[in-house]
RNA sequence: GGGCCAUUAGCUCAGUUGGUUAGAGCACGGUCCUGAUAAGGCCGGGGUCGAUGGUUCGAGUCCAUCAUGGCCCA
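Numbering (the numbering used here), first residue to last: 55 to 1102.
Here is the structure:
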């Protein structure tokens, strides 16, 4: 006997029971242990950042990971799944900052780095707990008892080892580079972080005049003679960041382009002729024309004469015109203001031209009172070429700039006022454009030349690209598209952060020896290496490698015996997560075997934003260390967005709590919905309405098929026999049995193929289609076989077939909806097979029996469905109920083959459309054209077939229709009276209509059999019976039923 | 400004190498069926397949340009 299945299913209760079962029996561990010795399948868990509670948009990738890992396990692979938690970095710091109401680095330091980091640690663990709870409830099987956590000393030590490897190969350097700098957080952002924060913003749009200075040498003779005029002449440049103007050291022109000198208000202005119109100077008189290249070398007066740039040793000077191929003829004036300290292009061209770097802004974003001049061209060249890290000490000079002490965006106005008062502002407007903001704190980012530590990833650019060629991407266009492009445009990885909570950068610097340009560094690659340093101090017990403790550790300089102290930076948390193939095992300090066994990963899966995040950091570190990729297959998912298509984010407040969904609908529902409805890399709108539809359409259909089976199987005491060669009774299996078996095996084959190509969405969609066929065709067409009273071979065949379908489905479904799959398996299979594996998740994934796949049968049944559908339409067109039997249907098909196929399935079609005979005509022989005009027939057609139903009603047909009407009412009454499905009854009826009486007599046996009536009694309705009045064939009939054996 | 992806019914999505009348589910209206079903069937309204050109006997599908949206990069 199977456990009784209630059609009113409570999924929540079911899932909690199964979670308990898994936990108590350790099924997850068993699913891994029992596969030991099988082929190894390496999976890397991308560690979620523990800076907040998981949202429903975090769930998607976890479901994909789980589906694939469960599937591989069932295919016999050994698939350990180590959990991981990304606990470091700015996101965690910001979470803590806001909870402690700290708003700047100064406040954090005042508060105390030790206390601050302690909060970070606690915060991380708090969220780990939440993630663990959600992961477990979701049914995402992950080894959370042995996770890798990036804050562990062992993890940090592995990161140190990696950095040391790179250091020894001169792949780490420090240099000035322009980085997107957040003035509030006080740190550089990586390019992937910058990408998170582009926004439309209203900014100044100003045209500034730079006065030509021909007293300085330089420029072509042509240009000099053209420009020598007594009228004051200005170069016109355009910018949206006035605050960078004091840092100007050059103007760039397009060497090939034509420039014009135009007269405007008693002065001459120089700009590109192509942009005259854009500046609104079409009508102005053109005095001269000159090619950009001829202007190169000509000097102009600095906007701020009082700035004393003292670097100059060579003949090249600042404040001159340079040529640049980046100069746009699309916007601006064709003359680009260059501030090497505040723009990537500016910095790059400054390096080539030997321009000075001038800082007029502090790191906190305020206009400085001290002018800071950066490095010399000589040292710049040294940085570019050096294999050894270089550090430079900038000079500081007193200065009084407009807006001094104000934040740059506020100082814009002071600067513009100042320029205006000096007649140097040509025009000032506002413009709307995109500008990057800090993705966390929303402060405008400043492109700022800073000293930062870099990983020279460009040194392995070719290897990054060739390694990518070996990776399978799903969807595949990511490989050459988004990820490939990213690698092609690879730049060195700025991997240091001037923050507190992170893996400390393991570089120590001597305080005493070396020059500013040539300091002495030590990169320490392990704890032991650190402890082995001479004259060590500051080591704490227990050891905590975090700041501020690690900052206290000092040791003797091997060169001069001075003290060596750690540099202040911490490492980018993307480095942490990218280090996980190594660091999750504390490799190379231990677990060499595990590392090697799990490298490279067979499978990883995250959302598309990780292209520049984790996917990149994994690939970069692996290529740098081992010169090969560390993952073979990667699924790249789209983002889950809200019902309006907006990205879910804490700041927008549109994050959907997965608990709310799970507690309402269950984890399986969420799982199936997300798997079945995602579309590749596209955004996926999350809607509870669609989720509810999934439940109705998929779960309830499946569940009711399951309930139907158990209900009748228990009535008939069906015991599934293991299908051996001799117990098989092929003769008893009907065409429909063979058909659903064929469909089932085809499904198994297709689902396997789809899962092997990492496509759970298509796999689940296929299963959904099968369940629809199973329920709405196989079961519906075969109901009578289950109902009938004889326990014959035919009935057994039906039970065996349906049972087989459901048990196979439980395994097919197991990777996707592990709870309901377990329920089906336990009740339908394990309960009757004492030797069965303990859980569906310990079984093998089904293998398709190719011999049972019969493509012809599949298409034949498809044809029968199609014809039935047309037949029903024909009935509806004529307005004749399906319950009313009709004499015959004519069916037009195209080929003899179809005719033959339909003939073999005619009984089913006749029942579906309730006709006595089916006449099939094939186009090849009997059939002429589509019969549009047939008297006494109702005709429908589609492109290929037509069906004509005879609409003539004989007294016999009407009588039979009435009998079916009676049966239907009695069945409904049984249900209304809440009788058990097996209860036998006695039926009473009263009517004045002779036709009905006659029908009841004629069809007595049929009515009795259908309604389990022992007697049909014409007469008074007894007390206590369930009575109803109905109209049948325009006459009234009173019916009553009561149980025949009230005792049972 | 550049790259990738998308755009098909009110909504969510299918649509295989170009080939009869572009489909499904939901929602809506009507109707039928039902002792597994919270379901299901049938009919109906609802589509210039984002736009414009091109290739072709034939384009939702291939090409080009543009528009809109998302992501990524400047």
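Even for Gly, the Cβ is constructed at its ideal location relative to N, Cα and C. Note that the structure is predicted; figures quoted are calculated from it, not measured.
Classification of residue i by the beta-carbon crowding that lies within 10 angstroms, buried from 16 upward
i: residue 827; result: buried
i: residue 618; result: buried
i: residue 340; result: exposed
i: residue 901; result: exposed
i: residue 1088; result: exposed
i: residue 79; result: exposed
i: residue 728; result: buried
i: residue 62; result: exposed
i: residue 1103; result: Look at the range of the chain in this structure, 55 to 1102, and you will see that residue 1103 is not part of it.
i: residue 823; result: exposed
i: residue 472; result: buried
i: residue 498; result: buried
i: residue 485; result: exposed
i: residue 411; result: buried
i: residue 992; result: buried
i: residue 1055; result: exposed
i: residue 771; result: exposed
i: residue 56; result: buried
DSSP beta-bridge partners of residue i
i: residue 229; result: 506
i: residue 482; result: 260
i: residue 618; result: 564 and 609
i: residue 527; result: 688
i: residue 1093; result: 1043 and 1082
i: residue 97; result: 657
i: residue 759; result: According to DSSP, residue 759 bridges with nothing at all.
i: residue 995; result: 1000
i: residue 374; result: 304 and 353
i: residue 972; result: 943
i: residue 461; result: 420
Contact check, residue i vs residue j, beta carbons under 9 Å
i: residue 928; j: residue 967; result: yes
i: residue 265; j: residue 358; result: no
i: residue 969; j: residue 913; result: no
i: residue 304; j: residue 373; result: yes
i: residue 755; j: residue 794; result: no
i: residue 531; j: residue 168; result: no
i: residue 695; j: residue 818; result: no
i: residue 657; j: residue 672; result: no
i: residue 632; j: residue 566; result: no
i: residue 332; j: residue 346; result: no
i: residue 111; j: residue 769; result: no
i: residue 924; j: residue 953; result: no
i: residue 155; j: residue 99; result: no
i: residue 192; j: residue 691; result: no
i: residue 509; j: residue 678; result: yes
i: residue 563; j: residue 620; result: yes
i: residue 634; j: residue 93; result: no
i: residue 1016; j: residue 907; result: no
Pair every Cβ in the region 95 to 108 with every Cβ in the region 177 to 194, then say whether three or more of these pairs are closer than 8 Å.
By the criterion of at least three beta-carbon pairs nearer than 8 Å, the region 95 to 108 is in contact with the region 177 to 194.
Does the region 544 to 552 come into contact with the region 624 to 643, if we say contact requires no fewer than three beta-carbon pairs (one atom in each stretch) closer than 8 Å?
Yes, the region 544 to 552 touches the region 624 to 643.
Segments of 4+ residues assigned as alpha helix (DSSP H) that fall wholly inside the region 782 to 819
Inside the region 782 to 819, DSSP marks whole alpha helix (DSSP H) runs of 4 or more residues at positions 789 to 810, from first to last along the chain.
Determine, using beta-carbon pairs with one atom in the region 1061 to 1081 and one in the region 1032 to 1039, whether at least three such pairs fall under 8 Å.
As far as the Cβ criterion goes, the region 1061 to 1081 touches the region 1032 to 1039, which means the pair count is three or higher.
Sufficient close CB pairs (3 or more, under 8 Å) joining the region 640 to 649 to the region 152 to 172:
Short answer: they don't touch.
Do the region 110 to 128 and the region 864 to 875 touch if we need at least three Cβ pairs shorter than 8 Å?
With a cut-off of 8 Å, the region 864 to 875 and the region 110 to 128 count as touching, because enough Cβ pairs lie within range.
With a threshold of 8 Å, are at least 3 pairs of Cβ atoms found where one atom belongs to the region 572 to 583 and the other to the region 131 to 147?
In this structure the region 572 to 583 does not touch the region 131 to 147; the number of beta carbon pairs closer than 8 Å is below three.
Any contact between the region 315 to 329 and the region 283 to 301? By contact I mean 3 or more CB pairs, one from each, below 8 Å.
Yes: at least three Cβ pairs fall under 8 Å.
The region 585 to 598 contacting the region 509 to 521, beta-carbon criterion three pairs below 8 Å
The region 585 to 598 is not in contact with the region 509 to 521.
Across the region 1059 to 1075 and the region 1018 to 1029, are there enough close Cβ pairs to call them in contact, namely three or more that are closer than 8 Å?
Yes: at least three Cβ pairs fall under 8 Å.
If you pair each beta-carbon of the region 1038 to 1045 with each one of the region 1084 to 1098, do three or more pairs fall below 8 Å?
Touching, yes.
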